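Written out below as structure tokens is the structure these notes cover.
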Amino acid sequence: KLVKFLLNRSELIDSQTIKDFSTFKYLDDFTDNYIAPLHGFKNGREYYEQCAAMNVVDKIRVPTFILNAKNDPVLSESCAMLEIAKKSDYIFSELPNYGGHCGFYQPNSDELYWGDRRMIEFVIKDESFNENKY
Numbered sequence: 176k177l178v179k180f181l182l183n184r185s186e187l188i189d190s191q192t193i194k195d196f197s198t199f200k201y202l203d204d205f206t207d208n209y210i211a212p213l214h215g216f217k218n219g220r221e222y223y224e225q226c227a228a229m230n231v232v233d234k235i236r237v238p239t240f241i242l243n244a245k246n247d248p249v250l251s252e253s254c255a256m257l258e259i260a261k262k263s264d265y266i267f268s269e270l271p272n273y274g275g276h277c278g279f280y281q282p283n284s285d286e287l288y289w290g291d292r293r294m295i296e297f298v299i300k301d302e303s304f305n306e307n308k309y
């Protein structure tokens, strides 16, 4: 799907990189060759160093809920920032066993995804949202 999308948007990527997609074995290959250049970075390392939430999480001053499934194939458990959440008055983190990477997707359902419901529960439970402090 991504290749089809990009073939119609030559301003986003050169045709050689699109051809190279079939040779990518790792997420880092994709980040180095597509994501980083698309956003003006020379490689994936520079992209992650400058864009990582870890660089700014200590500056967050509004209640922030991190929901990161253990079985997420893209984000590791460290992305849940559990240790930071333990020390912060603003970061709240949960690491359920299942949920994958797509927001706790529920196929063939018109109901809210579990992740969406969990986020709503978090907002309702946090009384400070109701006090318009933020």
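Numbers 176 to 309, taken from my numbering, label the letters of the sequence shown in order.
Even for Gly, the Cβ is constructed at its ideal location relative to N, Cα and C.
It should be emphasised that the depicted structure is a prediction, and the values quoted were computed from it without experimental measurement.
Within the continuous beta strand (DSSP E) that includes residue i, where are the two ends?
i	result
Glu269	Ile266 to Glu269
With a threshold of 9 Å between beta-carbons, can residue i be considered close to chain D, or not?
i	result
Glu296	This model lacks chain D altogether; it includes just one protein chain.
For residue i and residue j, I'd like the C-alpha separation in whole angstroms.
i	j	result
Tyr173	Lys179	The question about residue 173 has no answer, for the chain in this structure spans 176 to 309.
Lys234	Asp285	37 Å
Leu257	Phe267	8 Å
Ala211	Glu296	35 Å
Cys226	Asn283	35 Å
Looking at residue j and residue i, is the spacing between their C-beta atoms short of 9 Å?
i	j	result
Gly290	Leu250	no
Ser253	Val232	no
Quick check on residue i: buried or exposed, where buried means 16 or more other Cβ atoms within 10 Å of its Cβ?
i	result
Tyr127	An answer regarding residue 127 cannot be provided, because it is not within the stretch 176 to 309 covered by the chain.
Ala255	buried
Ala244	buried
List the endpoints of the continuous alpha helix (DSSP H) containing residue i.
i	result
Gly290	Trp289 to Lys300
Along the chain, which unbroken stretches of the alpha helix (DSSP H) at least 4 residues long are found entirely within the stretch 184-272?
Counting whole runs of 4 or more residues, the stretch 184-272 contains the alpha helix (DSSP H) stretches 190-195, 202-205, 219-226 and 257-262.
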